Amino acid sequence: MLSKERYNAYDTWAWLYNQTMGPAYGQEQLRWLERSLLPQLPSAAQLLDLCCGTGQLIQPLLERGYQVTGLDGSEAMLNYARENAPRANFWLDDARTFSSPIQFDAVFSTSASLNHIMSLEALTEVFQNVYRSLQPSGFFLFDLNHPGQMQKWWRGQIVEGEIDSRYAWILRPSYEPTHHQGAFEVSLFEAPRWPSQSWGKRLMYLLRAPLYRLLSLRRLTRFRLKLLCYFSRLEPDWQRSDLNYPVKGHAIADVRLALQQTGFEQICIETIEGADKIDDNYSAHFICRKGAQP
Ligand SMILES: C[S@@+](CC[C@H](N)C(=O)[O-])C[C@H]1O[C@@H](n2cnc3c(N)ncnc32)[C@H](O)[C@@H]1O
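Using this note's numbering, you'd call the opening residue of the sequence shown number 226 and step up by one each time.
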């Protein structure tokens, strides 16, 4: 990378990530770290959460006695992270160019953050930065969505979404296999403060609020996602904005080689549940250790 850029594309919807995906992903990834990393660490180990987002993973690690630093390129995401984990350190920086003044016992990067790194060269630069910021034999863990899995599941359809009385959102991932290029689109719908046009509209607004609350039930997910396909037509007064995030489907074999060339050893790849066979159903969770410099 020639100039020092900072990835800040999450600034626009940090408020939404903080109350929806942040807590949900944080819980899932914590279970993975509890199984695959924490039993191997000394107490009070120094940890770096690379691309920490809104930091929901950090507070439970602080509570277990670890010292945690979070790094992210988005200032708005970090502002929420500071609220969620007030005792952590935070660095506003870019994974492709950061350098750390301290050496960590472990660095981790969760929820496919590194799929935002758009080339293998840039991903290798991230690996080199991580390598330099680790203690000898320190651990590096991260997860990635990979081409087979993206081709199978990222089909341009709505896969997640919620409706609240004040806002609604949908997530729609897509994948173009020739260039291993994916994208996820986030559409946000924000309710008007109070529909003033007519009494009829006000009444509908009041009637829909409990219906939307009901739709948040897990067992109504399919119905909710169906409804969200037509949400613009259903709620034409809600303000819609569409955000598009390009991501790269890095091939697992390329990633493994880049890790080896950087000097990482004992590379294991597993599913989030710990199964060692990665197929198109699962994202790939990497665990490796800093070896001697090659
Ligand atoms: C999907 S979110 C994951 C956040 C968090 N790790 C989690 O599990 O909820 C991706 C995060 O990566 C950050 N990010 C992406 N590319 C980055 C880069 N090059 N440098 C720093 N942060 C980056 C984004 O700002 C965003 O906060």
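Glycine included, C-beta positions come from ideal geometry on N, C-alpha and C.
Since the model is a prediction, treat every value here as computed from it, not as a measurement.
* The beta strand (DSSP E) enclosing Ala408, as first and last residue numbers -> Note, Ala408: beta strand (DSSP E), 406 to 415.
* At a cut of 8 angstroms, does the region 343 to 361 reach the region 377 to 387 through at least three beta carbon pairs? -> They do not touch, by the three-pair rule.
* **Three-state secondary structure (DSSP) of His510** => In the structure shown, His510 falls within a strand segment according to DSSP collapsed to helix, strand and coil.
* Reduced DSSP secondary structure (H/G/I, E/B, other) of Trp394 -> Note: Trp394 maps to strand in three-state DSSP.
* Look at Asn243 and Tyr305 and say whether their C-beta atoms are less than 8 angstroms apart. => In this structure, Tyr305 lies closer than 8 angstroms to Asn243 by Cβ.
* Using a threshold of 7 angstroms, is the CB atom of Thr335 nearer than that to any non-hydrogen atom of ligand 1? -> Yes; taking the cut-off as 7 angstroms, the Cβ of Thr335 has a heavy atom of ligand 1 nearer than that.
* Test item: CB-CB of Thr322 and Lys229 under 8 angstroms -> Using a Cβ distance threshold of 8 angstroms, Thr322 and Lys229 count as a contacting pair.
* To do: Check whether the region 410 to 429 touches the region 480 to 490, counting contact only when three or more Cβ pairs, one atom from each stretch, lie closer than 8 angstroms.
  => No: fewer than three Cβ pairs fall under 8 angstroms.
* Are the Cβ atoms of Thr335 and Asn314 separated by less than 8 angstroms? -> Result no, Cβ atoms of Thr335 and Asn314 do not sit closer than 8 angstroms.
* Taking the DSSP output, what are the residues bridged to Tyr470? -> Phe409.
* Distance cut-off 7 angstroms: Ser338 Cβ against heavy atoms of ligand 1 -> At least one heavy atom of ligand 1 falls within 7 angstroms of the beta-carbon of Ser338.
* Among Asp504, Ile494, Gly516, Lys515, the one whose alpha carbon lies nearest that of Trp257 -> It is Ile494.
* Helix, strand or coil at Val384 according to DSSP, with G and I counted as helix -> In the structure shown, Val384 falls within a coil segment according to DSSP collapsed to helix, strand and coil.
* **At least 3 beta-carbon pairs within less than 8 angstroms: the region 458 to 478 vs the region 404 to 411** => With the cut-off at 8 angstroms, the region 458 to 478 and the region 404 to 411 touch.
* Run the CB neighbour count on Phe448, radius 10 Å, all protein chains shown included, and call it buried at 16 or more, exposed below. => Its Cβ having fewer than 16 others within 10 Å, Phe448 is exposed.
* If we ignore side chains and look at the alpha-carbon of each, how far apart do Arg481 and Phe456 end up? -> Computed Cα separation, rounded: 42 angstroms.
* If you run the structure through DSSP and keep just helix, strand and coil, what is Lys502? -> Looking at Lys502 - three-state DSSP - the assignment turns out to be coil, as it is neither helix nor strand.
* Is Glu401 helix, strand or coil by DSSP? -> If DSSP states are grouped into helix, strand and coil, Glu401 belongs with the strands.
* Between the CA atoms of Asp501 and Glu288 - distance to the nearest angstrom -> So the alpha carbons of these two residues sit roughly 30 angstroms apart.
* Counting Cβ pairs closer than 8 angstroms, one from the region 390 to 402 and one from the region 350 to 368, do we hit at least three? -> Contact between the region 390 to 402 and the region 350 to 368 is not established, with fewer than three Cβ pairs separated by less than 8 angstroms.
* Leu450 vs Ile388 beta-carbon contact at 8 angstroms -> Taking 8 angstroms as the Cβ cut-off, Leu450 and Ile388 do not qualify as a contacting pair.
* Contact check, Ala320 vs Leu275 under 8 angstroms by CB: the rounded distance? -> 6 angstroms between Cβ atoms; contact.
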